[in-house]
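Asker:
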Amino acid sequence: TSGPLLYTSPTMQIHRSSQLPCASRATRAIYSRSHRLCVKAASAAAIDARPAASDAGTLPYAGKKAVVVGAGPAGSCAAMMLAKQGFSVDVFERRPEPRADAVDLGRAYIIILIPRGQATLERLGIPLPDDPHFKSLGTVRHDAKGKTSVSKESGNVTFSRNDLAQFLVDEARQRYPSSITYHFNAEAESFDITGKKVTFKGAGGPVSYDLLVGADGAASAVRGALQAAAGTGVEVSDSGREYKVYMGLRGEIEPPEFAGKTGSTLHLYTTNDPFTTVTAHSNPDGSYSGTFSMRTGEHDTFTTQASYEALLRDKFPSLPAAWVPEIAKQALAAKPASAGKRIKCSALNGPGVVLLGDAAHAVTPVFGQGANSALESCRILDDVLTAGVDAATGKPKDFEGLPKAFSDARTADVHALFWIDSAAYSFFSKRPNADFASLLVHVLLGTVLSKVVPFIYGPKPALLSLGSQTPYGDIKAAVSRDAAGGALVGLGLVTYVGLKAAKLI
1 TSGPLLYTSP
11 TMQIHRSSQL
21 PCASRATRAI
31 YSRSHRLCVK
41 AASAAAIDAR
51 PAASDAGTLP
61 YAGKKAVVVG
71 AGPAGSCAAM
81 MLAKQGFSVD
91 VFERRPEPRA
101 DAVDLGRAYI
111 IILIPRGQAT
121 LERLGIPLPD
131 DPHFKSLGTV
141 RHDAKGKTSV
151 SKESGNVTFS
161 RNDLAQFLVD
171 EARQRYPSSI
181 TYHFNAEAES
191 FDITGKKVTF
201 KGAGGPVSYD
211 LLVGADGAAS
221 AVRGALQAAA
231 GTGVEVSDSG
241 REYKVYMGLR
251 GEIEPPEFAG
261 KTGSTLHLYT
271 TNDPFTTVTA
281 HSNPDGSYSG
291 TFSMRTGEHD
301 TFTTQASYEA
311 LLRDKFPSLP
321 AAWVPEIAKQ
331 ALAAKPASAG
341 KRIKCSALNG
351 PGVVLLGDAA
361 HAVTPVFGQG
371 ANSALESCRI
381 LDDVLTAGVD
391 AATGKPKDFE
401 GLPKAFSDAR
411 TADVHALFWI
421 DSAAYSFFSK
431 RPNADFASLL
441 VHVLLGTVLS
451 KVVPFIYGPK
461 PALLSLGSQT
471 PYGDIKAAVS
481 RDAAGGALVG
491 LGLVTYVGLK
501 AAKLI
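Below you can see the structure in the form of structure tokens.
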């Protein structure tokens with residue numbers, strides 16, 4: 001097996017092309033408006049003076065103020081979870097509003113929402129789009145020898161990252177018009193963690209809060225402030241991979257299984273080097289957009305279109321010949337973007353602060369869990385807020401203890417995800433370790449046991465349930481259990497062969 005095969009397992013249904021652009025007008029149209037809007041940061045005085053929504057007065061956290069840093073999918077979902085509990089919420093984002101933002105190819109990637117992420121939108125009462133163009137049909141893998149394999153899926157929904165972010169901003173405004181206010185082009189300048197204040201560019205002064213939520217991505221300023229103020233331990237590792245994007249290509253590349261069907265498809269063109277890949281994602285207008293990935297720094301060694309073309313023809317025999325010159329041309333003109341980082345925090349809280357999403361637990365694209373685990377963290381935050389309400393009074397039992405309660409509820413699980421991602425990624429870097437061996441034994445042994453004794457073992461190995469709502473900690477525990485069982489089986493076989501050779505049995 002190979003790294004890309006792990007990424008495209010037909011039984012996992014967890015595909016996430018976290019590096020795929022989808023910037024065509026047709027793709028963006030369902031959530032875009034004809035005008036461009038740019039919301040400027042309000043003054044700090046206006047923010048602090050804004051009353052809580054009148055209809056939220058009886059909710060458990062009425063009168064409490066939250067500041068969310070980051071207006072991506074996780075930030076908006078967190079804001080809605082807080083608002084529905086009664087918080088007055090201000091969301092600050094350093095970039096323009098997505099619909100007003102120039103297309104940033106480093107962020108215009110495809111997110112595939114799987115059941116783990118979809119459950120958060122269900123909790124918020126947000127229906128997924130029913131346009132069939134955004135329903136995922138599945139994945140087509142084209143290997144280095146030109147062979148094609150197809151994995152079908154159903155129930156997953158695709159968005160470009162910008163479309164999902166704008167969709168959730170619009171939902172937040174429509175559902176909580178009096179409780180959630182967005183401030184774009186508002187970068188955090190300084191944090192007073194002890195005094196519970198943040199200063200933003202253009203806000204006119206410090207903004208106070210009762211709860212601060214850091215949902216500002218892998219380069220989180222909130223996380224940095226916690227490191228300085230509370231000594232939060234942070235481990236960061238790079239994916240070792242960069243990509244460039246291409247857009248607007250057309251051709252008949254769908255296999256018979258998907259031909260003539262309406263829905264989105266993901267094509268993965270792989271090589272013997274798992275770091276070197278080309279991806280293609282279908283757009284509603286019939287075009288394809290995708291990425292051209294290599295090891296960090298390798299793109300810099302290609303300085304002409306001809307050199308790119310030679311590599312593409314040599315490494316990707318299944319890539320449409322007509323696409324090669326155009327991908328090479330667009331790659332030469334583009335700047336490489338990092339394929340992501342892996343982040344592990346010792347805790348997801350500080351005094352009056354919680355971290356979630358990439359700010360707290362970023363992972364690489366290997367298993368497609370980044371955005372989905374971020375949305376799941378928003379749901380866990382809602383669970384903690386609900387559990388923190390006194391049944392008799394209807395008010396918080398220990399408001400100051402809520403950040404730690406969230407960290408206690410979520411840290412072990414995202415640490416398990418970090419371990420799973422690290423173990424799988426070791427294969428991509430061609431440094432398979434004992435942890436990766438554990439994953440492999442789990443999948444192989446679990447596949448056999450799920451067929452021989454499904455009534456005892458279950459229907460499939462737990463790792464193949466990453467797309468479900470199975471806790472990551474339970475998946476890691478199952479991997480460890482099967483790895484130990486596999487070791488015992490291996491020891492038994494070695495002992496048997498040794499005894500047989502010695503003619504003792």
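When the count follows our numbering, it moves up by one through the sequence shown with no breaks and lands on 505 for the last residue.
Just so you know, even glycine gets a beta-carbon here, dropped at the ideal spot from N, CA and C.
Do the CB positions of V354 and V213 come within less than 8 Å of each other?
Answerer: Translated into positions along the sequence shown, residue 354 becomes position 354. Translated into positions along the sequence shown, residue 213 becomes position 213. Yes, Cβ-Cβ distance for V354 and V213 is below 8 Å.
Asker: Ignoring anything shorter than 4 residues, give me the alpha helix (DSSP H) runs that lie fully in the region 202 to 276, in order along the chain.
Answerer: Counting whole runs of 4 or more residues, the region 202 to 276 contains the alpha helix (DSSP H) stretches 221 to 230.
Asker: Quick one: which unbroken beta strand (DSSP E) runs of 3-plus residues sit fully inside the region 328 to 380? Chain order, please.
Answerer: As far as the region 328 to 380 is concerned, its whole beta strand (DSSP E) runs of at least 3 residues are 341 to 345 and 353 to 355.
Asker: For the putative contact between T291 and K344, defined by C-beta atoms under 8 Å, what is the C-beta separation to the nearest angstrom?
Answerer: As a first step, residue 291 must be located in the sequence shown, where it is residue number 291. As a first step, residue 344 must be located in the sequence shown, where it is residue number 344. Actually they do not touch by this definition, with Cβ atoms about 26 Å apart.
Asker: Taking only runs that begin and end inside the region 399 to 441, name each unbroken alpha helix (DSSP H) of 4 or more residues, in chain order.
Answerer: Runs of the alpha helix (DSSP H) inside the region 399 to 441: 402 to 428.
Asker: Quick check on L466: does DSSP put it in helix, strand or coil?
Answerer: Translated into the one-based positions of the sequence shown, residue 466 becomes position 466. It is coil, neither helix nor strand.
Asker: What does the alpha-carbon distance come out to for the pair V39 and Y182?
Answerer: Reading the sequence shown from its first residue, position 39 is the one you call residue 39. Reading the sequence shown from its first residue, position 182 is the one you call residue 182. With a pLDDT of only 32 at V39, under the threshold of 50, the placement of this residue in the model should not be trusted; the figure read from the coordinates follows. Looking at the two C-alpha atoms, the distance is approximately 7 Å.
Asker: Just list the beta strand (DSSP E) runs in the region 144 to 207, keeping only unbroken ones of 3 residues or longer that don't cross its boundaries, in chain order.
Answerer: Correct list: 148 to 152, 157 to 160, 180 to 183, 188 to 192 and 197 to 200.
Asker: Alpha carbon to alpha carbon, what distance is there between K147 and G231?
Answerer: Here residue 231 refers to the residue found at position 231 of the sequence shown. Here residue 147 refers to the residue found at position 147 of the sequence shown. Computed Cα separation, rounded: 51 Å.
Asker: Could you spell out the range, first to last residue, of the alpha helix (DSSP H) harbouring G84?
Answerer: Within the sequence shown, the letter at position 84 stands for residue 84. The sequence given here places Lys at residue 84; Gly does not occur at that position. Where K84 is concerned, the enclosing alpha helix (DSSP H) stretches over P73 to K84.
Asker: Okay, do the region 220 to 238 and the region 185 to 201 touch, 3+ Cβ pairs below 8 Å being the bar?
Answerer: Yes: at least three Cβ pairs fall under 8 Å.
Asker: Rounded to whole angstroms, what is the Cα-Cα separation between G486 and A477?
Answerer: Counted from its first residue, the sequence shown places residue 486 at position 486. Counted from its first residue, the sequence shown places residue 477 at position 477. Spanning the two alpha carbons is a distance of roughly 14 Å.
Asker: Using alpha carbons as the reference points, say which of E242, G352 and G251 lies closest to D67.
Answerer: Here residue 67 refers to the residue found at position 67 of the sequence shown. At residue 67 the sequence reads Val, which differs from the Asp that was named. Ranking E242, G352 and G251 by Cα distance to V67 puts G352 first.
Asker: Start and end of the beta strand (DSSP E) containing S289?
Answerer: The sequence position of residue 289 within the sequence shown is 289, counting from 1. Per DSSP, S289 belongs to the beta strand (DSSP E) from Y288 to R295.
Asker: In the DSSP output, which residue or residues are listed as bridge partners for D90?
Answerer: Numbered from 1 along the sequence shown, position 90 holds the residue referred to as residue 90. Answer by DSSP bridge pairing, in chain order: V67 and T181.
Asker: For N280, which three-state DSSP category applies?
Answerer: Counted from its first residue, the sequence shown places residue 280 at position 280. Per the sequence presented here, residue 280 reads as Ala, with Asn not at that position. Of the three classes helix, strand and coil, the one that applies to A280 here is strand, per DSSP.
Asker: Count the other CB atoms, across all protein chains shown, that sit within 10 Å of the CB of G370; report buried if there are 16 or more and exposed otherwise.
Answerer: As a working note, residue 370 is residue 370 in the sequence shown. With 16 or more other Cβ atoms within 10 Å, it is buried.
Asker: Taking all protein chains shown into account, do 16 or more other C-beta atoms lie within 10 angstroms of the C-beta of L475, making it buried, or fewer, making it exposed?
Answerer: Along the sequence shown, read from residue 1 onward, the residue named residue 475 stands at position 475. Leu is not the amino acid found at residue 475; the sequence shown has Ile there. Buried: at least 16 other Cβ atoms inside 10 Å.
Asker: With L312 as the anchor, note down where its beta strand (DSSP E) starts and where it stops.
Answerer: Taking the first residue of the sequence shown as position 1, residue 312 is located at position 312. First-last for L312: Q305 to K315, but that is the alpha helix (DSSP H), not the beta strand (DSSP E).
Asker: According to DSSP, T564 sits in a beta bridge with which residue or residues?
Answerer: What is shown of the chain runs 1 to 505, which leaves residue 564 out entirely.
Asker: Between which two residues does the beta strand (DSSP E) harbouring I456 extend?
Answerer: Counting from 1 along the sequence shown, the entry for residue 456 is found at position 456. From DSSP, I456 is part of no beta strand (DSSP E) but of the alpha helix (DSSP H) over P454 to Y457.
Asker: Check L113 in the structure and name its three-state DSSP category.
Answerer: Here residue 113 refers to the residue found at position 113 of the sequence shown. Note: L113 maps to strand in three-state DSSP.
Asker: Under the rule that 16 or more other beta-carbon atoms within 10 Å means buried, what is P4, buried or exposed?
Answerer: Position 4 of the sequence shown, counting from 1, holds the residue named residue 4. In this prediction, P4 has a pLDDT of 27, which is less than 50 and means its spatial position is unreliable; nothing more can be read from the coordinates.
Asker: Where DSSP assigns a beta bridge to P132, which residues make up the other side?
Answerer: Here residue 132 refers to the residue found at position 132 when the sequence shown is read from its first residue. Its beta-bridge partners do not exist; DSSP assigns none.
Asker: In the structure shown, what three-state DSSP assignment does P320 receive?
Answerer: By 1-based counting over the sequence shown, the position of residue 320 is 320. Three-state DSSP puts P320 in coil, outside helix and strand.
Asker: Report the residue from I112, R481, K65 and S88 whose alpha carbon sits nearest the alpha carbon of S282.
Answerer: Position 282 of the sequence shown, counted from the start, is the residue given in the question as residue 282. If we check each option's Cα against that of S282, I112 comes out closest.
Asker: Leaving out the 5 sequence neighbours to the left and right, which residues in its chain are closer than 7 Å to N272 when beta-carbon positions are compared?
Answerer: Sequence index remark: in the sequence shown, residue 272 carries index 272 (1-based). A144.
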